[in-house]
Amino acid sequence: MTQTPSENLPVLQLDVISDVICPWCFIGKRKLDAALETLEDVRVNLMWRPYQLYPETPMEGADLTAKMKQRYGEDGAKQMRENIKAAAVGTNINFAFENIKITPNTMNAHRLIRWAASTGQQHAIAEALFSGHFEQGRNIGDVAVLLEIAGQHGMDVPLLAELFASDNDIDATRSDDAAARDLGVHGVPAFLAGGKFLLMGAQEPEYLHRFIAKARDRLAVQ
Numbered sequence: 001m002t003q004t005p006s007e008n009l010p011v012l013q014l015d016v017i018s019d020v021i022c023p024w025c026f027i028g029k030r031k032l033d034a035a036l037e038t039l040e041d042v043r044v045n046l047m048w049r050p051y052q053l054y055p056e057t058p059m060e061g062a063d064l065t066a067k068m069k070q071r072y073g074e075d076g077a078k079q080m081r082e083n084i085k086a087a088a089v090g091t092n093i094n095f096a097f098e099n100i101k102i103t104p105n106t107m108n109a110h111r112l113i114r115w116a117a118s119t120g121q122q123h124a125i126a127e128a129l130f131s132g133h134f135e136q137g138r139n140i141g142d143v144a145v146l147l148e149i150a151g152q153h154g155m156d157v158p159l160l161a162e163l164f165a166s167d168n169d170i171d172a173t174r175s176d177d178a179a180a181r182d183l184g185v186h187g188v189p190a191f192l193a194g195g196k197f198l199l200m201g202a203q204e205p206e207y208l209h210r211f212i213a214k215a216r217d218r219l220a221v222q
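Under the UniProt record's numbering, the first residue of the sequence shown carries the number 1, and numbering increases by one thereafter.
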């Protein structure tokens with residue numbers, strides 16, 4: 001069977017709405033990766049969009065243990081982490097919750113992802129931020145950590161240092177967050193296909209595949 005060259009395939013924009021301190025978003029990202037590997041008749045243009053779960057967190061971060069106990073109680077927090085690890089089976093994510101000491105404010109992480117669009121590195125930067133937080137226990141609210149990650153992906157570190165020192169794109173990032181909420185996104189991850197079709201939750205790869213394929217078909221006849 002002759003395959004259609006990839007450059008001749010229809011292109012579908014898929015917005016990934018997430019927060020990089022959301023474990024379900026990390027799981028959803030890995031499941032999306034698996035789904036994308038099975039797509040043969042559409043090219044997906046990924047665009048990562050911000051959603052801050054805890055925008056009120058101080059820029060220096062907050063103590064994670066205290067925050068978890070306050071929100072869920074000690075037993076509730078333990079059970080939630082066990083549920084997350086169970087849901088991550090098959091994704092090759094090694095959640096190391098014991099190494100995470102800080103809940104960071106994710107504004108600067110979202111700014112970095114936003115800037116990474118210009119170099120085509122959004123997906124890779126998102127992966128590095130998820131892994132840094134959940135598998136390595138790094139403080140991804142720390143600008144020095146963000147600059148190190150950016151440098152590892154070929155981004156212009158001196159320029160980024162200047163941008164982080166300014167308020168560049170803070171309002172735009174907040175506007176993107178607000179736009180997601182206006183669409184009806186009340187939890188993450190969420191996936192917006194073609195600007196019209198919204199799917200929420202860390203869905204299985206097969207379901208994501210069907211969602212993308214159906215969005216492609218419906219947009220093709222509009």
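Ideal Cβ placement from N, Cα and C applies to all residues, glycine included. All values reported here derive from a predicted model rather than from experimental measurement.
- Give the secondary structure of Arg49 by DSSP, where H, G and I count as helix, E and B as strand, and everything else as coil. Counting from 1 along the sequence shown, the entry for residue 49 is found at position 49. Arg49 falls in the strand class under three-state DSSP.
- Query: Using the rule of at least 16 other Cβ atoms within 10 Å of the residue's Cβ for burial, across every protein chain shown, is Asn45 buried or exposed?
  - Reply: The sequence position of residue 45 within the sequence shown is 45, counting from 1. Asn45 comes out exposed.
- Item | Buried/exposed call for Arg30, threshold 16 Cβ in 10 Å | Translated into positions along the sequence shown, residue 30 becomes position 30. Buried: at least 16 other Cβ atoms inside 10 Å.
- When Thr119, Ile100, Ala109, Ser166 are compared against Asp63, the one with the closest alpha-carbon: The sequence position of residue 63 within the sequence shown is 63, counting from 1. It is Ile100.
- Item | Unbroken beta strand (DSSP E) run spanning Phe197, endpoints | Translated into positions along the sequence shown, residue 197 becomes position 197. Note, Phe197: beta strand (DSSP E), 197-200.
- Query: In this structure, does DSSP put Leu192 in helix, strand or coil?
  - Reply: By one-based count along the sequence shown, residue 192 stands at place 192. Looking at Leu192 - three-state DSSP - the assignment turns out to be strand.
- DSSP state of Thr65, grouped into three classes? For the purposes of this step, residue 65 is taken as residue 65 along the sequence shown, with counting starting at 1. In the structure shown, Thr65 sits in a helix (DSSP, three-state: H, G or I).
- Message: I'd like the span of the beta strand (DSSP E) that includes Gln13, first residue to last.
- Response: As a first step, residue 13 must be located in the sequence shown, where it is residue number 13. Where Gln13 is concerned, the enclosing beta strand (DSSP E) stretches over 11-18.
- Query: Should Met59 go down as buried or exposed, given a rule of 16 or more other Cβ atoms within 10 Å for buried?
  - Reply: Taking the first residue of the sequence shown as 1, we reach residue 59 at position 59. So Met59 ends up on the exposed side.
- Cα-Cα separation, residue 233 to Ala213: Any answer about residue 233 is impossible in this case: the structure gives the chain only from 1 up to 222.
- Task: Look at the Cβ atom of Ile170, then the Cβ atom of Glu135, and state whether they are nearer than 8 Å.
- Result: Sequence index remark: in the sequence shown, residue 170 carries index 170 (1-based). Sequence index remark: in the sequence shown, residue 135 carries index 135 (1-based). Cβ atoms of Ile170 and Glu135: not closer than 8 Å.
- Alpha carbon to alpha carbon, how far is Glu148 from Asp217? Give it in angstroms, no decimals. In the sequence shown, residue 217 corresponds to position 217, counting from 1. In the sequence shown, residue 148 corresponds to position 148, counting from 1. Cα atoms of Asp217 and Glu148: separation of roughly 41 Å, rounded to the nearest angstrom.
- Message: Tell me the DSSP secondary structure of Leu145 in three-state form.
- Response: Working through the sequence shown from its first residue, we reach residue 145 at position 145. Contrary to the premise, residue 145 reads as Val rather than Leu in this sequence. It is helical.
- Do you know how far the Cα of Thr65 is from the Cα of Tyr54? The residue you call residue 54 lines up with position 54 of the sequence shown. The residue you call residue 65 lines up with position 65 of the sequence shown. Roughly 15 Å separates the two Cα atoms.
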